[in-house]
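In our numbering, the protein residues as written are 1300 to 1392.
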Amino acid sequence: MYIVIRRYTGVIKPQDVISRVTKDFVPIISKTEGFRGYHLIDTGTDVLASVTMFMDKAAADNSLLVPSNWIRDSGVAALLPNLPQVTPGEDVA
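1. Rounded to whole angstroms, what is the Cα-Cα separation between Pro1326 and Asp1315?
2. Secondary structure at Thr1386, three-state DSSP: helix, strand or coil?
3. Counting pairs of beta carbons, one from the region 1336–1346 and one from the region 1372–1390, are three or more of them closer than 8 Å?
4. Counting along the chain, where does the alpha helix (DSSP H) carrying Ala1359 start and finish?
5. Among the residues of its own chain, which have a CB less than 7 Å from the CB of Thr1386, if the five just before and after it don't count?
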(Lines of atoms letter the chains of each structure in order from A and count residues from 1; the text may use other names and numbers.)
(Lines give C-alpha, C1' and ligand atoms only; values in the text may rest on other atoms or scores of the structure.)
Protein backbone atom coordinates (compact mmCIF):
# COMPACT_ATOMS: atom_id res chain seq x y z
CA MET A 1 0.00 0.00 0.00
CA TYR A 2 1.16 3.55 -0.71
CA ILE A 3 0.19 6.44 1.57
CA VAL A 4 0.16 10.20 1.03
CA ILE A 5 -0.07 12.49 4.06
CA ARG A 6 -0.91 16.16 3.55
CA ARG A 7 -0.63 18.64 6.43
CA TYR A 8 -2.45 21.96 6.07
CA THR A 9 -1.53 24.77 8.48
CA GLY A 10 -3.29 28.06 9.17
CA VAL A 11 -6.66 26.61 8.21
CA ILE A 12 -9.47 29.18 8.31
CA LYS A 13 -12.78 27.76 9.57
CA PRO A 14 -11.60 24.15 9.93
CA GLN A 15 -15.15 22.87 10.52
CA ASP A 16 -16.24 24.31 7.17
CA VAL A 17 -13.34 22.59 5.43
CA ILE A 18 -14.12 19.30 7.18
CA SER A 19 -17.77 19.49 6.14
CA ARG A 20 -16.94 20.23 2.51
CA VAL A 21 -14.26 17.54 2.34
CA THR A 22 -16.65 14.95 3.74
CA LYS A 23 -19.53 15.96 1.48
CA ASP A 24 -17.73 16.84 -1.77
CA PHE A 25 -14.11 15.64 -1.88
CA VAL A 26 -14.31 12.13 -0.44
CA PRO A 27 -16.77 10.96 -3.13
CA ILE A 28 -14.39 12.26 -5.81
CA ILE A 29 -11.15 10.79 -4.47
CA SER A 30 -12.81 7.47 -3.64
CA LYS A 31 -13.55 6.94 -7.34
CA THR A 32 -9.90 7.11 -8.38
CA GLU A 33 -8.34 3.87 -9.52
CA GLY A 34 -6.37 2.13 -6.78
CA PHE A 35 -7.94 4.17 -3.96
CA ARG A 36 -8.03 2.30 -0.64
CA GLY A 37 -8.99 4.85 2.02
CA TYR A 38 -9.05 8.43 3.25
CA HIS A 39 -8.87 9.98 6.71
CA LEU A 40 -9.00 13.65 7.72
CA ILE A 41 -7.52 14.60 11.08
CA ASP A 42 -8.45 17.77 12.99
CA THR A 43 -5.64 18.67 15.38
CA GLY A 44 -7.72 21.38 17.04
CA THR A 45 -5.02 23.97 16.33
CA ASP A 46 -6.02 25.23 12.87
CA VAL A 47 -4.12 22.33 11.35
CA LEU A 48 -5.76 19.59 9.30
CA ALA A 49 -3.98 16.50 8.04
CA SER A 50 -5.21 14.04 5.48
CA VAL A 51 -4.07 10.46 5.02
CA THR A 52 -4.89 8.92 1.66
CA MET A 53 -4.15 5.27 0.94
CA PHE A 54 -3.68 3.72 -2.46
CA MET A 55 -3.01 0.23 -3.77
CA ASP A 56 0.44 1.29 -5.02
CA LYS A 57 2.61 4.26 -5.95
CA ALA A 58 1.31 4.30 -9.53
CA ALA A 59 -2.26 4.78 -8.26
CA ALA A 60 -1.12 7.57 -5.93
CA ASP A 61 0.79 9.25 -8.75
CA ASN A 62 -2.28 9.09 -11.00
CA SER A 63 -4.34 10.93 -8.38
CA LEU A 64 -1.82 13.67 -7.54
CA LEU A 65 -3.85 16.49 -9.08
CA VAL A 66 -7.21 15.44 -7.60
CA PRO A 67 -6.79 17.26 -4.24
CA SER A 68 -5.24 20.43 -5.66
CA ASN A 69 -7.80 20.66 -8.47
CA TRP A 70 -10.67 20.16 -6.02
CA ILE A 71 -9.29 22.76 -3.62
CA ARG A 72 -8.99 25.27 -6.45
CA ASP A 73 -12.30 24.48 -8.16
CA SER A 74 -14.42 24.22 -4.99
CA GLY A 75 -13.34 27.55 -3.52
CA VAL A 76 -11.83 25.87 -0.46
CA ALA A 77 -8.48 27.47 -1.34
CA ALA A 78 -9.57 30.63 0.50
CA LEU A 79 -9.77 28.55 3.69
CA LEU A 80 -6.40 26.87 3.14
CA PRO A 81 -3.98 29.80 2.84
CA ASN A 82 -0.78 27.72 2.93
CA LEU A 83 0.41 24.98 0.62
CA PRO A 84 0.29 21.59 2.31
CA GLN A 85 3.35 19.72 3.48
CA VAL A 86 3.14 16.47 1.49
CA THR A 87 4.71 13.25 2.74
CA PRO A 88 4.34 10.21 0.46
CA GLY A 89 5.64 6.71 1.07
CA GLU A 90 5.21 2.96 1.19
CA ASP A 91 3.35 1.38 4.09
CA VAL A 92 6.03 -0.82 5.64
CA ALA A 93 4.46 -2.08 8.87
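We put the CB at the ideal spot given by N, CA and C, even for glycine.
So, from the listed chains and residues:
1. Each residue's alpha carbon lies about 17 Å from the other.
2. In the three-state scheme derived from DSSP, where H, G and I count as helix and E and B as strand, Thr1386 is classed as strand.
3. Here the region 1336–1346 does not lie against the region 1372–1390, with fewer than 3 beta-carbon pairs under 8 Å apart.
4. Its alpha helix (DSSP H) spans residues Lys1356 to Asn1361.
5. Once the five neighbours on either side are set aside, the close Cβ partners of Thr1386 are Ile1304.
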